[in-house]
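Novice:
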Amino acid sequence: MKIATFNINGVKARIDTLPRWLDTAQPDVAVLQEIKSVDENFPREMFEDRGYQVETHGQKSFNGVAILSKLPLEDVTRGLPGDENDEQARYIEATVMGETAIRVCGLYLPNGNPTPGPKYDYKLAWMERLISRAQDLLTSEEPFLMTGDYNVIPQDEDAARPEAWTQDALALPQSRAAFRRLLNLGLTEAFRARTNGPGHYSFWDYQAGAWDRNDGIRIDHFLLSPQCADLLLDCQIDQQERGLTKPSDHVPVWIDLAA
DNA sequence: ATGACAATCAGAGATTGA
Numbered sequence: 002m003k004i005a006t007f008n009i010n011g012v013k014a015r016i017d018t019l020p021r022w023l024d025t026a027q028p029d030v031a032v033l034q035e036i037k038s039v040d041e042n043f044p045r046e047m048f049e050d051r052g053y054q055v056e057t058h059g060q061k062s063f064n065g066v067a068i069l070s071k072l073p074l075e076d077v078t079r080g081l082p083g084d085e086n087d088e089q090a091r092y093i094e095a096t097v098m099g100e101t102a103i104r105v106c107g108l109y110l111p112n113g114n115p116t117p118g119p120k121y122d123y124k125l126a127w128m129e130r131l132i133s134r135a136q137d138l139l140t141s142e143e144p145f146l147m148t149g150d151y152n153v154i155p156q157d158e159d160a161a162r163p164e165a166w167t168q169d170a171l172a173l174p175q176s177r178a179a180f181r182r183l184l185n186l187g188l189t190e191a192f193r194a195r196t197n198g199p200g201h202y203s204f205w206d207y208q209a210g211a212w213d214r215n216d217g218i219r220i221d222h223f224l225l226s227p228q229c230a231d232l233l234l235d236c237q238i239d240q241q242e243r244g245l246t247k248p249s250d251h252v253p254v255w256i257d258l259a260a
């Protein structure tokens, strides 16, 4: 089973890009971030026509996440638990009913800039809530994965120019420490389970010719529970998507599971 | 140190992103 994550940077802006990618990559499940659309305006027919069940958690202008699945989705929940006052649409969960049922958590973790300040406080608090949610899911022993735009550069090797990010919310020690705490619960980062070394990125800024200079960062991740990690066959970054017409600033990352 | 680029909403330019 192929599961992909993709920060699309606006579903309306990607109205030609997305079907082209889906028809080429053929994921069974696609976890989307930054749909920048309310649920009523999401072009669900475009995906339903391709055989996907569509579940969205949208918001006007900003944020918004979705799960598309060719397999049935059950028990869909929207929003990250732990803060009743959080208005931002950044989290969705659903169980994908394949050979092995897998709980898929789609997330768009807050950017957190500028630092210090309320936006960084929100990011760190959000990460604490995510850690709590992972702890709860681990007790169930049901296979699950958390994937999406983490807005965290885990290590220096995950940036072409790590020195440019030392004061940034994506790479500050507190951000990296929270990400490690998530891993240290017993989750496996799928890409690093398969590939070592520098030069692997999932985001290139639109500005200053970042793509042409390969000035990228790796911030889109798959974290797998132990039962889910046992099923991991492959994890790849579809870097070439960034060079096609009207790209998002992120590219898809996908895993193949024996499920 | 800043802005560069793109998207959104609105219908210009501010806001947000990373």
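For the first sequence, this note's numbering assigns the number 2 to the initial residue and increments by one for each residue that follows. Note that the Cβ used here is the ideal one computed from N, Cα and C, for glycine as well.
Taking the alpha-carbon of Gln156 as reference, which of Tyr202, Ser141 and Pro117 has the nearest alpha-carbon?
Specialist: In the first sequence, residue 156 corresponds to position 155, counting from 1. Nearest of Tyr202, Ser141 and Pro117 to Gln156, Cα basis: Tyr202.
Novice: In three-state DSSP terms, what is Glu49?
Specialist: For the purposes of this step, residue 49 is identified with residue 48 of the first sequence, where counting begins at 1. Here Glu49 carries a helix assignment [DSSP, helix/strand/coil].
Novice: Touch check for the segment 78–87 and the segment 188–199: three-plus C-beta pairs under 8 angstroms?
Specialist: no
Novice: According to DSSP, which residues form a beta bridge with Trp255?
Specialist: On the first sequence, residue 255 is found 254 positions in, with the first residue counted as 1. Its beta-bridge partners are Ala5 and Gln237.
Novice: Would you please state the rounded distance, in angstroms, between the beta carbons of Val105 and Val32? I believe it to be under 8 angstroms.
Specialist: As a first step, residue 105 is located in the first sequence; it is residue number 104 there, counting from the start. As a first step, residue 32 is located in the first sequence; it is residue number 31 there, counting from the start. Val105 to Val32, Cβ: 6 angstroms. Contact.
Novice: Look at the alpha carbon of Leu72 and the alpha carbon of Ala5, and state the distance between them as a whole number of angstroms.
Specialist: Position 71 of the first sequence, counted from the start, is the residue given in the question as residue 72. Position 4 of the first sequence, counted from the start, is the residue given in the question as residue 5. Cα to Cα, Leu72 sits roughly 14 angstroms from Ala5.
Novice: Comparing alpha-carbon positions, which option in Ala135, Asp122 and Asp250 lies nearest Ile220?
Specialist: Start at 1 with the first residue of the first sequence, and residue 220 comes out as number 219. Checked all of Ala135, Asp122 and Asp250; the closest Cα to Ile220 is Asp250.
Novice: What does the alpha-carbon distance come out to for the pair Arg214 and Leu19?
Specialist: Along the first sequence, read from residue 1 onward, the residue named residue 214 stands at position 213. Along the first sequence, read from residue 1 onward, the residue named residue 19 stands at position 18. When rounded, the distance between both Cα atoms is 25 angstroms.
Novice: Just verifying my parser: in three-state terms, what is the DSSP assignment at Glu41?
Specialist: As a first step, residue 41 is located in the first sequence; it is residue number 40 there, counting from the start. Helix, per DSSP.
Novice: With a floor of 3 residues, list each beta strand (DSSP E) that falls wholly inside the segment 180–226, ordered by position along the chain.
Specialist: Whole beta strand (DSSP E) segments, 3+ residues: 221–225.
Novice: For the segment 142–170, list the beta strand (DSSP E) runs that are entirely contained and at least 3 residues long, ordered along the chain.
Specialist: 145–150
Novice: Give the straight-line distance between the Cα atoms of Leu69 and Leu138, rounded to the nearest whole angstrom.
Specialist: Sequence index remark: in the first sequence, residue 69 carries index 68 (1-based). Sequence index remark: in the first sequence, residue 138 carries index 137 (1-based). Leu69 and Leu138: Cα-Cα distance of roughly 21 angstroms.
Novice: For Ser249, does the three-state DSSP call read helix, strand or coil?
Specialist: Position 248 of the first sequence, counting from 1, holds the residue named residue 249. Ser249 carries a coil assignment under DSSP once its states are collapsed to helix, strand and coil.
Novice: Am I right that Leu183 and Leu131 are in contact with their C-beta atoms under 8 angstroms? What's the rounded C-beta distance?
Specialist: Reading the first sequence from its first residue, position 182 is the one you call residue 183. Reading the first sequence from its first residue, position 130 is the one you call residue 131. Going by Cβ atoms, the distance from Leu183 to Leu131 rounds to 7 angstroms, so yes, they are a contact pair.
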